[in-house]
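Please read the structure below before turning to the comments.
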Amino acid sequence: MSIRTNLKKVLPAISLTEQEALDAGDVWIESSIYRGTPDMQALRAIPKATLSADEQAFLDGPVQELLEMVDDYELQNGDHLPQKVLDFLSVNKFFALIIPKRFGGLEFSPYANSTIVATIAVKSSAVAVTVMVPNSLGPGELLMHYGTTEQQDHWLPNLAVGKDIPCFALTSPEAGSDAGAIPDTGIVTKEMYNGEEVLGLSVTWDKRYITLAPIATVLGLAFKVFDPDHLLGDKVELGITCALIPKSHSGVELGNRHDPMGIRFYNGTTRGNKVFIPMDFIIGGQKNIGRGWQMLVSCLGAGRGISLPAMGVASAQSALKSTAEYSFVREQFGVPIGRFEGIQEKLADIAGKTFVLEAMRVLTTEGLGLGLKPSVVTAMAKYHMTELGRDVCNTAMDIQAGKAIQRGPQNTLANGYAAQPIAITVEGANILTRSLMIFGQGAMRCHPHMKEMVDLIHSDEASADKEFNKVLGKTISFSVKNSLRSFSKSYLTFTRGAQSSLPEVKPYEKRMNALSAKLAPLADLSLLVLGGDLKKAEMLSARLGDVMSYLYASMAVVRFYEQRVTNRIEAKPYFEYAIQWCLLQGEQALNEFVSNFPNTATRGLMRVLTNTYTRSVPAISDKLKRQLSDATMAQSSIMADLTHLVKVIPGDGNHINQEAFAAKHDVMPILKVVQKALRKDPVVPFVSFENAVTKLHENGELSANEYARVIDYNNKRQLAVRVDEYTFDMELLDANQQLVKGEPETHTDAA
């Protein structure tokens, strides 16, 4: 019995939905990571994404106008987006960012799409979600790639100008991320439609969590098709299919709303019971019956690579800007809180991770801008960027403390904090993405021979054994070379590999090469020893996915530092923290993988090949944390680069913080004079800071100009550290107390 036949008995069969997911999308620079040699030359050769004149004009015009018209606190205290906002979005083609110009759309690049969505998200998550959904996975993109000419000509111009509002329904109460388990069905049948009997589908569905469903005019729907009467052929189960159904179509139910974390975007349900639709409602027509899952997974790039990561970056940039400014202005014991080491550690972490997020955002959208649909990269981006956004926002909440928990127009964190869990759950919950998708797809797509070998294992062709033996030989050769490379890079410190022209980058590039070289043999050995069981060992496969992901993030950080920053001297501590943090996470994941590998003999071999005998990894030094924390409180070009998505509107919370921050920098030399004078004469009667400054001015130690500037700063400081407060309604309290004092029987009857 051949090796292939034995493996066929051992390995589990790949389901149709799994196969379609594995086949979907493109392979990009992440393949070089898996193969043990990160392609830094290819990384540096990627064309730099920039905003076109039209894209910049859209940001400066309609986007800026939108930001000025939205009061997010008022919105969150209301029931839904005001109609004037929806009308503005429609008229200005916010729903048409990706629709081609020939259909009336804007046809913006992925980089512009990301920048626009993230800029809006800083101001309002509800508005950002409303904009992102029609521009990610949904009817628009599916029509562009798979629709018939008639469908494109009819729907895309209407979608472009907001005449039609789309939603897409995939998730069911009984099936979330497992699309193969959706219970929604379409039965092939014949019924009367427009006065004649036609072939079509009788569709029954029950969907939830559908964004824009309550206001949608056209429903994109995913369901399974069955042909029990064999009207289309011999097969009964034809597979997942996508259709486009007008809301006005008989039997369509759209309307009931959910309340996702109080974020006031429209999200709700759609249902239908035995709704007959003709075949031309299927996206792409009858020939696309059963191709729905393939269509969906191939179009996931916009949601996973653009929209959801944009939310994480927006949250982080907003958190970095407001927290750095607050840490500089807010004082405790006469010292800015940003000078205390406990704060410094957290503030540095926010800054370093925001650098990682912006670097990943740029690189991922640059890849999508090449026309690629890298499924593994976008899965990495979705998981890690939404998680990092949540992490950064939580840390900022800790630093800003009482200021951060009081809701109101001046609170710059509450919006992102409440919305972060939403991004975590969309396009597959993050646990699923990390545990199954990143390494699961990465191993099959990035290994040069794995997919072909698996396909041959399950093949029934007569020549399969011969072809399999050839591929097996190539696979063994590949694994041996990887093992030797890993061994050499793990033990021989003089190994070459850094290509950067920047001396500060070279040691990190060598470290990246070494980590990547270790990943390849570990992946090969785990697949060899565990085989199909690796799919079930989710904690192990997740760690291999983490190594891939953090190496991708490291590549993004290097590229951003080399090509994007305005001033490398200012940016160096940000870069060093970001790259060290990424490599630290990757090295920890690799160590934990080896330590937890179930086969003792294989674990020993892994330790030898990778020089992994301890779980200890290089830590980020306290010195770098202090240096980076101080850098965030300075006025610098790198801080401008890492907070450029925050558009300050006069009078809003960001404006108040920024004004106080700038004013303090302006008067720092004068404040030193004040502090020196107070130390010299501690009995100066300063009941308040204003009194002390006034006394110094009266004594001639401060000029009139200096005095005015310091008082102006102090007024701005006081405004920045305050929180929103509201009048207390005594009449309402009295009314409530009267209710409490009522007779028990009265309350029982009312209940």
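Numbering (my numbering), first residue to last: 16 to 766. Each residue gets a CB set at the ideal place from its N, CA and C atoms; glycine is no exception.
Would you identify the three-state DSSP class for residue i, choosing helix, strand or coil?
i      : result
ASP86  : coil
ASP41  : strand
PRO613 : coil
ALA634 : coil
MET326 : helix
THR200 : strand
MET648 : coil
LYS205 : strand
ILE297 : strand
GLU189 : coil
PHE241 : strand
LEU253 : strand
ARG737 : coil
CYS314 : coil
ARG50  : coil
TYR576 : helix
PRO665 : coil
ARG422 : coil
ILE278 : coil
LEU112 : coil
Would residue i be called buried (16 or more neighbouring beta carbons within 10 Å of its own) or exposed?
i      : result
ARG737 : exposed
MET55  : buried
TYR576 : buried
SER516 : exposed
ARG526 : buried
TYR281 : buried
PRO700 : Model confidence at PRO700 stands at a pLDDT of 49, short of 50, so the residue's coordinates are unreliable; what they give is reported in the following sentence. With fewer than 16 Cβ atoms within 10 Å of its Cβ, PRO700 is classed as exposed.
MET654 : buried
VAL142 : buried
PHE348 : exposed
MET683 : exposed
ASP561 : buried
LEU246 : exposed
ASP244 : exposed
PRO188 : exposed
GLU89  : exposed
GLU353 : Reading the sequence as shown, one finds Gly at residue 353 and not Glu. Counting Cβ neighbours within 10 Å, GLY353 comes out buried, since at least 16 surround it.
What residues in its chain sit with their C-beta under 6 Å from that of residue i, if we drop five residues either side in the sequence?
i      : result
ASN288 : THR219
TYR398 : ASN445, THR448 and ARG449
LEU660 : ALA133, THR134, VAL137, ALA329 and GLN332
ASN672 : SER337, GLU340 and ALA735
LEU624 : SER498, SER501, PHE502 and PRO536
PHE590 : TYR576
For residue i, list the residues DSSP reports as bridge partners.
i      : result
LYS222 : THR285
GLU524 : In DSSP, GLU524 forms no bridge with anything.
GLY235 : PHE183 and LEU259
VAL290 : VAL218
ARG272 : GLY283
VAL350 : GLN347
PRO389 : ASP41
GLU212 : MET207
Measuring only from the beta carbon, is residue i closer than 7 Å to any heavy atom that is part of the ligand GTP?
i      : result
ALA111 : This structure simply doesn't include the ligand GTP, nor any ligand for that matter.
Within its chain, find whatever has a CB closer than 7 Å to the CB of residue i; leave out the 5 residues flanking it on each side and keep chain order.
i      : result
LYS496 : none
GLN578 : LYS63
LEU157 : GLY235, CYS257, ILE298, MET310 and CYS314
HIS160 : CYS314
PHE608 : LEU537, LEU555, ARG558 and LEU559
By Cβ distance, which residues of its chain are closer than 8 Å to residue i, with the 5 residues on each side in sequence left out?
i      : result
VAL42  : PRO389, VAL391, ARG460 and CYS461
LEU599 : VAL632, PRO633, ALA634 and ILE635
Throw me the rounded Cβ distance for the residue i and residue j pair, which I believe falls under 8 Å.
i      : j      : result
PRO536 : SER501 : 5 Å
GLY404 : VAL328 : 7 Å
LEU121 : ALA111 : 5 Å
SER556 : PHE454 : 5 Å
MET10  : ALA434 : Only positions 16 to 766 of the chain appear in this structure, which leaves residue 10 out of reach.
PHE238 : GLY201 : 5 Å
THR285 : ALA184 : 5 Å
LEU259 : VAL240 : Not a contact, Cβ separation roughly 15 Å.
Is there a Cβ of chain B sitting closer than 8 Å to that of residue i, yes or no?
i      : result
PHE575 : Looking at the structure shown, chain B is missing, and only one protein chain is on hand.
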